[in-house]
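Novice: Got a structure for you, written out below as structure tokens; questions coming shortly.
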Amino acid sequence: MTMPTMDRREAVKKLLDTREGALVVTGLGSPSYDVHAAGDCADNYYLWGAMGGAALVGLGLAQAQPDKRVMIITGDGEQLMAFGSLATIAVARPRNLDLIILDNQHFGETGMQSSHTGHGISFNEIAAACGFAESAELRSLEEVDGLCEKLRRTAAGPRLFVLKITAENLPRSLPPRDAVAIKNRFRANLGFDNC
Amino acid sequence: MNLDANKPQVAASARLSAPANQWPDQVYDALKEAGVAHMSYVPDAGHTTLIRRFGADPDVVTNVLTTEEEGIAVAAGSWLGGQRSVVLMQSSGVGNCINMLSLPVQARIPLLVLVTMRGEWAEFNPWQVPMGQATEASLKAIGLTVLRAETGPAVVDTVSQAASMAFDSDQQIAVLIGQRLLGKKKW
Numbered sequence: 000m001t002m003p004t005m006d007r008r009e010a011v012k013k014l015l016d017t018r019e020g021a022l023v024v025t026g027l028g029s030p031s032y033d034v035h036a037a038g039d040c041a042d043n044y045y046l047w048g049a050m051g052g053a054a055l056v057g058l059g060l061a062q063a064q065p066d067k068r069v070m071i072i073t074g075d076g077e078q079l080m081a082f083g084s085l086a087t088i089a090v091a092r093p094r095n096l097d098l099i100i101l102d103n104q105h106f107g108e109t110g111m112q113s114s115h116t117g118h119g120i121s122f123n124e125i126a127a128a129c130g131f132a133e134s135a136e137l138r139s140l141e142e143v144d145g146l147c148e149k150l151r152r153t154a155a156g157p158r159l160f161v162l163k164i165t166a167e168n169l170p171r172s173l174p175p176r177d178a179v180a181i182k183n184r185f186r187a188n189l190g191f192d193n194c
Numbered sequence: 000m001n002l003d004a005n006k007p008q009v010a011a012s013a014r015l016s017a018p019a020n021q022w023p024d025q026v027y028d029a030l031k032e033a034g035v036a037h038m039s040y041v042p043d044a045g046h047t048t049l050i051r052r053f054g055a056d057p058d059v060v061t062n063v064l065t066t067e068e069e070g071i072a073v074a075a076g077s078w079l080g081g082q083r084s085v086v087l088m089q090s091s092g093v094g095n096c097i098n099m100l101s102l103p104v105q106a107r108i109p110l111l112v113l114v115t116m117r118g119e120w121a122e123f124n125p126w127q128v129p130m131g132q133a134t135e136a137s138l139k140a141i142g143l144t145v146l147r148a149e150t151g152p153a154v155v156d157t158v159s160q161a162a163s164m165a166f167d168s169d170q171q172i173a174v175l176i177g178q179r180l181l182g183k184k185k186w
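The listed protein sequences derive, respectively, from chains B and E.
For the first sequence, the positions run 0 to 194 when numbering that gives the first Met the number 0 is used.
For the second sequence, the positions run 0 to 186 when numbering that gives the first Met the number 0 is used.
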């Protein structure tokens, strides 16, 4: 039986329309395109590489900005490369970090090979075992509406949500690739000087 | 001091003269002086003092990592959020970091990594030698500035100026702490 999946761009748009000042870090590949497609802004920090780094960039950011909410939006392939980061984040226990995994169960950038999540690995269950304050798997846009409501509420610790999305390659919406410019824009927006 | 003779750092201390063995505490002071308020680490005997002192410091956030490259990404995020971070690791872990180092290098995000060396002086474990010998070349190949220090006072000076260059000049710097200084590991 094929389980229901949702449109990734619509799901990400819902999350970003209700971000309310949240800082967003994106994992390389399609999640960066999805976030860019929803509207470029200085609160977004896009990764174009450093695979496995998104959740941890988000952790450092959340620790440096404890009064702001940090949302990491990444894919199942990127997060699989940072499996241990779930343990590191669970131990660090930031209360302002939400990890959103857009899970199409495939390595979409490299020819749609089935990923580990397609073979039954469940990130929300792993997060729960690690000690995340909350974790769940979502399969519909209606559930994402509920998630947007939930994200407004204060958390007791890090939260992880898996959004099961349709496996498809959508037209790319490319963020700027100038890493220095993006960094400077992001920091200036937070009120920090650059070199 | 009542020290456990089985702990490697004791062997290191015993090899140093009295003033010289204060360098780990002085490195901590230098990093505090430089405004470091965030530290992440993979446990290592040579970094014992820094791990203990940062861990006990209420003004510093620390993260224990499962693998070294996590620390590179965490430090980048910390800087994006306006904080100065330091990453502690052993030379063996440098090999895990290479692709992740593209983030601070490409984004020109300040990075300060303190690396205790293995595989270069009185090393008893041959498996440590290949990465130890490749550490400096690997870091330079991905674009880091590499500084070496072989004595306690040199480590303190080097860390202090490396912090200045990293955070004031957006540089990515690794300070290698020589194995000769750390002492032979007792088993």
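Just so you know, even glycine gets a beta-carbon here, dropped at the ideal spot from N, CA and C.
Because the structure is a prediction, the values reported are computed rather than measured.
1. Which term fits B/Arg-176, buried or exposed, when burial requires 16 or more other beta carbons within 10 angstroms of its beta carbon?
2. Does the separation of the CB atoms of B/Gln-78 and B/Gly-20 fall below 9 Å?
3. Label B/Thr-153 either buried or exposed according to how many other C-beta atoms from any shown protein chain fall within 10 Å of its C-beta, with 16 as the threshold for buried.
4. Give every residue of the same chain whose Cβ lies closer than 6 Å to the Cβ of B/His-35, excluding the five residues on either side of it in the sequence, and list them in chain order.
5. Can you pull the chain E neighbours of B/Tyr-32, defined as C-beta to C-beta under 9 Å?
6. Is B/Gly-199 near E/Leu-146, with beta carbons less than 9 Å apart?
7. Do B/Leu-98 and B/Leu-140 have their C-beta atoms within less than 9 Å of each other?
8. Which residues in chain E have a C-beta closer than 7 Å to the C-beta of B/Gly-52? List them in chain order.
9. Closest to B/Tyr-44 by CA distance: which of B/Glu-167, B/Leu-137 and B/Ala-187 is it?
10. Should the segment 119-135 of chain E be regarded as contacting the segment 79-94 of chain E, the criterion being three or more beta carbon pairs within less than 8 Å?
11. According to DSSP, simplified to helix, strand and coil, what is E/Lys-6?
12. Give, in chain order, every unbroken run of the alpha helix (DSSP H) that is at least 4 residues long and sits entirely within the segment 125-172 of chain B.
13. In whole angstroms, what separates the C-alpha of E/Lys-31 from that of E/Ile-71?
14. From E/Gly-80 to B/Pro-93, what distance separates their C-alpha atoms?
15. Okay, do the segment 173-182 of chain E and the segment 35-42 of chain E touch, 3+ Cβ pairs below 8 Å being the bar?
16. Can you check the segment 35-93 of chain B for any alpha helix (DSSP H) of at least 4 residues that lies completely inside it and give the ranges in chain order?
17. Taking only beta-carbon atoms, is E/Val-63 less than 9 Å away from chain B?
18. Starting from B/Asp-177, trace the alpha helix (DSSP H) in both directions and tell me its first and last residue.
19. Ignore the nearest five residues each way along the sequence and tell me which others in B/Glu-136's own chain have a CB closer than 6 Å to its CB.
20. Any beta-carbon of chain B closer than 9 Å to the one on E/Asp-169?
21. Rounded to a whole number of angstroms, what is the C-alpha to C-alpha distance between E/Val-154 and E/Thr-47?
22. Got a sec: which bits of the segment 49-60 of chain E sit with their beta carbon under 9 Å from any beta carbon on chain B, in order along the chain?
23. Less than 9 Å between CB atoms is the rule here; does E/Ile-108 satisfy it with respect to chain B?
24. First and last residue of the alpha helix (DSSP H) that includes E/Met-164?
25. Would you check if the distance between the CB atom of B/Lys-149 and the CB atom of B/Pro-3 is smaller than 9 Å?
26. Residues bridged to B/Asp-102 by DSSP?
27. If you drop the 5 nearest sequence neighbours on each side, which residues of the same chain put their C-beta closer than 7 Å to that of E/Arg-107?
28. Where does E/Gln-127 sit, in a helix, a strand or coil, going by DSSP?
29. Give me the subset of the segment 72-103 of chain B whose CB atoms are less than 7 Å from a CB atom of chain E, sorted by chain position.
30. Exposed or buried, what is E/Trp-126 when buried is set at 16 or more other beta-carbons lying within 10 Å of its beta-carbon?
31. Going by the DSSP bridge assignment, what does E/Ile-176 pair with across the sheet?
32. How big is the Cα-Cα spacing for B/Val-143 and E/Asp-28?
33. Pull up the distance between the alpha-carbon of B/Ser-121 and that of B/Thr-109, whole angstroms please.
34. Whole angstroms is fine: what's the gap from B/Leu-14's alpha carbon to B/His-105's?
35. Of the residues that make up the segment 77-89 of chain E, which ones have a beta carbon closer than 8 Å to any beta carbon in chain B?
Specialist: On the basis of the data shown:
1. By the C-beta density criterion, B/Arg-176 is exposed, having fewer than 16 other C-beta atoms within 10 angstroms.
2. no
3. exposed
4. Within the same chain, Ser-172 and Pro-174 come within 6 Å of B/His-35 by CB-CB distance, once the 5 residues on both sides are set aside.
5. None at all; the shortest Cβ gap to chain E is about 19 Å.
6. One cannot answer for residue 199 of chain B here, as it falls past the ends of chain B, which runs 0 to 194.
7. Their beta carbons are not under 9 Å apart, which means B/Leu-98 does not touch B/Leu-140 by this criterion.
8. Ala-72, Met-99 and Leu-102
9. B/Ala-187
10. Because the criterion of three Cβ pairs below 8 Å is met, the segment 119-135 of chain E and the segment 79-94 of chain E touch.
11. Below a pLDDT of 50, predicted positions are generally treated as unreliable, and E/Lys-6, at 42, falls in that range; no measurement from the model is reported.
12. 140-151
13. Whole-angstrom Cα-Cα distance: 20 Å.
14. For E/Gly-80 and B/Pro-93, the distance between alpha carbons rounds to 14 Å.
15. no
16. Restricting attention to alpha helix (DSSP H) runs no shorter than 4 residues, the segment 35-93 of chain B encloses them at 53-63, 75-79 and 84-91, ordered along the chain.
17. yes
18. Careful: B/Asp-177 lies outside any alpha helix (DSSP H) and carries neither H nor E.
19. Excluding positions up to five away in sequence, the list reads Asn-123 and Val-161.
20. yes
21. 15 Å
22. Val-60
23. yes
24. 151-168
25. no
26. DSSP, once it has assigned bridges, lists B/Lys-163 as partnering B/Asp-102.
27. Asp-169
28. Note: E/Gln-127 maps to helix in three-state DSSP.
29. When C-beta distances to chain E are compared with 7 Å, the residues of the segment 72-103 of chain B below that value are Gly-83, Ser-84, Ala-86, Thr-87, Val-90 and Ala-91, in chain order.
30. exposed
31. E/Thr-115 and E/Ala-148
32. 48 Å
33. Here the alpha carbon of B/Ser-121 sits roughly 21 Å from the alpha carbon of B/Thr-109.
34. Between B/Leu-14 and B/His-105, the C-alpha separation is close to 22 Å.
35. Ser-77, Trp-78, Leu-79, Gly-80, Gly-81, Gln-82 and Ser-84
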